[in-house]
Amino acid sequence: MHAITIPESGGPEVLQWAEVPDPVPAEGEVLIEVAASAVNRADLLQRQGFYDPPPGASPYPGLECSGRIAALGPGVAGWAVGDEVCALLAGGGYAEKVAVPAGQVLPVPDGVDLVTAAALPEVTATVWSNVFMVAHLRPGETLLVHGGASGIGTMAIQLAKAVGARVAVTAGSKEKLAFCGDLGADVLIDYREQDFAEEIQRATDGAGADVILDIMGAKYLERNVNSLAVSGRLAIIGMQGGVKGELNIATLLRKRAAVTATSLRARPVTEKTSIVAAVREHVWPLIGAGQVRPVVDRTLPMRDAGAAHQVLESSGHIGKVLLVR
Numbered sequence: 002m003h004a005i006t007i008p009e010s011g012g013p014e015v016l017q018w019a020e021v022p023d024p025v026p027a028e029g030e031v032l033i034e035v036a037a038s039a040v041n042r043a044d045l046l047q048r049q050g051f052y053d054p055p056p057g058a059s060p061y062p063g064l065e066c067s068g069r070i071a072a073l074g075p076g077v078a079g080w081a082v083g084d085e086v087c088a089l090l091a092g093g094g095y096a097e098k099v100a101v102p103a104g105q106v107l108p109v110p111d112g113v114d115l116v117t118a119a120a121l122p123e124v125t126a127t128v129w130s131n132v133f134m135v136a137h138l139r140p141g142e143t144l145l146v147h148g149g150a151s152g153i154g155t156m157a158i159q160l161a162k163a164v165g166a167r168v169a170v171t172a173g174s175k176e177k178l179a180f181c182g183d184l185g186a187d188v189l190i191d192y193r194e195q196d197f198a199e200e201i202q203r204a205t206d207g208a209g210a211d212v213i214l215d216i217m218g219a220k221y222l223e224r225n226v227n228s229l230a231v232s233g234r235l236a237i238i239g240m241q242g243g244v245k246g247e248l249n250i251a252t253l254l255r256k257r258a259a260v261t262a263t264s265l266r267a268r269p270v271t272e273k274t275s276i277v278a279a280v281r282e283h284v285w286p287l288i289g290a291g292q293v294r295p296v297v298d299r300t301l302p303m304r305d306a307g308a309a310h311q312v313l314e315s316s317g318h319i320g321k322v323l324l325v326r
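Numbering (this note's numbering), first residue to last: 2 to 326.
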């Protein structure tokens, strides 16, 4: 088969479409003939040499895909060759075929075409596990989403609104903020011109956000904690703004607040299986009913993955960038 390989760390130009050995599904795995994959920030970090795949994972980038099941490994039940699916991966999505644990596979939701389904596994699993399974966002609460126009952000807005929460977002352009508003965001904050901490206090009459979903890390840590409501929960899922920050424990104690930080890729298969099962139970019906939809900025040929990485690095996109075979 062919896959995008990374012969050496570097810029988008190092990505190469090359012939590699076919994967073979192990016990409990299925083999998927890939129709499409999606580009995530983790793929850029892997290309740069900062985020190696977990032990035993495919060396090729790509944390999600859609396609058709081509073969079943020993012990797999509930799936059949030819089923149209999408899947959460530890790697290997930028390829013609990928082997994945059966518990990380999802049926293509009603109303979504096979290619577009590649935009769903990573964002739905990330948002549901952090915002709902960890931070326990409830109806009537306020969620602040940093990077509201990203793949993660556009999904977080929709899921939070679907359960009856109020949503505030940050983004860096009027176009992106307008798109977030069209998705249902109630409070639109331009981080280039406004202080989000001041704006969230103003929007909540000083109460603060009950849950914050953060992709920035250190740069926003102090202001995020200051922006939390009493019993607020800060969920950190990225470190685009650095890895080391100062945490005021007194503020955290006074607010009886919590700070969590999670990643998805390196979790054990059992944990990913639980998250994927929760996504299928809670998110897939919302997609089927048209309350939630994948947001795709553009599709590019998989062999042009370098160009897709450039799109993400320039932050010129809204939603997901897909790679199509």
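The beta carbon of each residue, even a glycine, is placed where N, CA and C say it ideally should be. Keep in mind that this is a model prediction, so the values were computed, not measured.
Environment of residue i [buried if 16+ CB atoms lie within 10 Å]
{"i": "Val244", "result": "exposed"}
{"i": "Leu313", "result": "buried"}
{"i": "Leu90", "result": "buried"}
{"i": "Thr263", "result": "exposed"}
{"i": "Asp44", "result": "buried"}
{"i": "Thr252", "result": "exposed"}
{"i": "Gly149", "result": "buried"}
{"i": "Asn249", "result": "exposed"}
{"i": "Glu282", "result": "exposed"}
{"i": "Pro341", "result": "Any question about residue 341 goes unanswered here, given that the chain covers just 2 to 326."}
{"i": "Lys175", "result": "exposed"}
{"i": "Ala198", "result": "buried"}
{"i": "Thr271", "result": "exposed"}
{"i": "Phe327", "result": "Since the displayed the chain opens at 2 and closes at 326, residue 327 lies outside it and no answer follows."}
{"i": "Arg48", "result": "buried"}
{"i": "Ala247", "result": "First, the residue type needs correcting, since residue 247 is Glu and not Ala in the sequence shown. Exposed."}
{"i": "Val113", "result": "buried"}
{"i": "Ala78", "result": "exposed"}
{"i": "Ser228", "result": "buried"}
Delimiting residues of the alpha helix (DSSP H) encompassing residue i
{"i": "His310", "result": "306-315"}
{"i": "Thr271", "result": "270-283"}
{"i": "Thr127", "result": "122-128"}
{"i": "Thr252", "result": "250-256"}
{"i": "Thr155", "result": "152-163"}
{"i": "Glu223", "result": "219-228"}
{"i": "Asp44", "result": "42-49"}
{"i": "Glu199", "result": "197-204"}
{"i": "Ala262", "result": "Unbroken run through Ala262 is the beta strand (DSSP E), 259-262; no alpha helix (DSSP H)."}
{"i": "Asp183", "result": "175-184"}
Limits of the beta strand (DSSP E) - the one that residue i falls within
{"i": "Lys321", "result": "321-325"}
{"i": "Ile238", "result": "Looking at the DSSP string, Ile238 is not in any beta strand (DSSP E), and its letter there is neither H nor E."}
{"i": "Lys98", "result": "98-102"}
{"i": "Gly68", "result": "65-73"}
{"i": "Ala19", "result": "17-20"}
{"i": "Asp191", "result": "188-191"}
Residue from the options with nearest C-alpha to residue i
{"i": "Glu85", "options": "Arg234, Ser316, Val31, Ala136", "result": "Val31"}
{"i": "Gln195", "options": "Ala230, Val170, Ala163", "result": "Val170"}
{"i": "Leu323", "options": "Lys175, Arg42, Ser10", "result": "Arg42"}
{"i": "Pro302", "options": "Ala39, Gly141, Asp23", "result": "Ala39"}
{"i": "Leu145", "options": "Pro286, Gly233, Trp80", "result": "Gly233"}
{"i": "Ser67", "options": "Trp80, Val35, Val77, Pro55", "result": "Val35"}
{"i": "Val25", "options": "Phe180, Pro269, Ala210, Met2", "result": "Met2"}
{"i": "Gln241", "options": "Ala166, Trp285, Met217, Phe51", "result": "Met217"}
{"i": "Ile33", "options": "Leu107, Gly185, Ala308, Pro13", "result": "Leu107"}
{"i": "Ala230", "options": "Arg255, Leu222, Gln17", "result": "Arg255"}
{"i": "Asp183", "options": "Val168, Asp53, Val325", "result": "Val168"}
{"i": "Val131", "options": "Ala172, Val260, Leu46", "result": "Val is not the amino acid found at residue 131; the sequence shown has Asn there. Nearest option by C-alpha distance: Val260."}
{"i": "Asp53", "options": "Ala267, Val226, Ala309", "result": "Ala267"}
{"i": "Ile237", "options": "Ser228, Asn227, Leu222, Glu247", "result": "Leu222"}
{"i": "Trp18", "options": "Leu189, Ile319, Ala306", "result": "Ala306"}
{"i": "Pro110", "options": "Gly50, Ile158, Gly152, Leu287", "result": "Leu287"}
{"i": "Phe133", "options": "Leu115, Lys321, Ala166, Pro102", "result": "Ala166"}
Nearest-angstrom beta carbon gap, residue j and residue i [assumed within contact, 8 Å]
{"i": "Leu235", "j": "Ile201", "result": "Their Cβ separation, rounded to whole angstroms, is 12 Å, which puts Leu235 and Ile201 out of contact at 8 Å."}
{"i": "Asp215", "j": "Thr143", "result": "Contact flag wrong, Cβ pair sits at about 15 Å."}
{"i": "Gly74", "j": "Glu20", "result": "At roughly 23 Å, the Cβ-Cβ gap does not stay under 8 Å, so Gly74 and Glu20 are not in contact."}
{"i": "Gly173", "j": "Asp191", "result": "7 Å"}
Item to check | At least three beta-carbon pairs within less than 8 Å, the segment 271-279 to the segment 121-141 | outcome: yes
Item to check | Three-pair Cβ contact test at 8 Å for the segment 56-65 versus the segment 77-96 | outcome: yes
Checklist entry - Contact between the segment 199-214 and the segment 106-123: three or more CB pairs below 8 Å? => result no
Next on the checklist: If contact is defined by three or more beta carbon pairs under 8 Å, each pair taking one atom from either stretch, is the segment 130-141 in contact with the segment 295-309?
Outcome noted: no
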